[in-house]
Each structure stands twice: as structure tokens, then as C-alpha cells.
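The sequence shown maps to residues -24 to -1, 1 to 63 in mature numbering (1 follows the signal peptide of the UniProt record, and there is no 0).
All C-beta atoms in this analysis are idealised placements derived from N, C-alpha and C, irrespective of residue type, glycine included.
Quick caveat: nothing in here was measured; it's all calculated off a predicted structure.
Read through the structure below, which is laid out as C-alpha cells, and then see the notes.
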Amino acid sequence: MKTTIKTLLIFTILMSSFASVALADGKYIEKEFYFTGLIAPDTKDYAEGERSGTLEICSEPRSYVKEIRPGFQSWTTKATYCGWIWS
């Protein structure tokens, strides 16, 4: 019985250390992007060095009038995206 508990304890410690190493490879990103027009996409592909991933929109996009001329308006939309990127 003691051997089984000892083996289980060692196995648990080893597995938790492997999981920690795997999770340490990710990076959480929260970044603002600007788009021409009124619509910001729901997701955005993002890469930084060797890491990459898909970020999701995490705040309500805000649209601003960039330029107004007679008969013409130019819009810019700012949106914040967040998520994890992995190598």
C-alpha cells in the first residue's frame, strides 16, 4: 500500500511539472487594432516572434469619424482583442 501511494505521489509531481512547462510557453495578449470602416471582425490572427494564435474581440468596438467632406465620410473603428498565443 505504501509503495502504491508513493508511486502515485511521484507520478503526480512529475505530471504537474510537465504541465507547468507546457503552460509556461503561452503568452496572454491584449492589444488594440484600428480598422478602416465601421465593422471590426470578431477574431484576429496575431503573431509575435515564434508565437501565434487567434485573438477574440474583448471590448465593444468604437467607431470614429476620421474625415468629413461634402458627401463623404471616412470612418475608423478601434477594437481591443485578447487571447493566448502559443509557440
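Secondary structure at residue i, three-state DSSP: helix, strand or coil?
{"i": "D21", "result": "strand"}
{"i": "L14", "result": "coil"}
{"i": "E32", "result": "strand"}
{"i": "E26", "result": "coil"}
{"i": "E63", "result": "For the record, residue 63 in the displayed sequence is Ser; it is not Glu. Reduced to three states, the DSSP call for S63 is coil."}
For residue i, I'd like the list of residues in its chain whose CB is within less than 6 Å of its CB, leaving aside the five on either flank, ordered along the chain.
{"i": "S39", "result": "L14, W51, T53"}
{"i": "C34", "result": "T56, C58"}
Using C-beta distances below 7 Å, list every residue in its chain close to residue i, excluding the 5 sequence neighbours before and after it, in chain order.
{"i": "E26", "result": "S63"}
Leaving out the 5 sequence neighbours to the left and right, which residues in its chain are closer than 8 Å to residue i when beta-carbon positions are compared?
{"i": "W60", "result": "G2, K3, Y4, I5, G29"}
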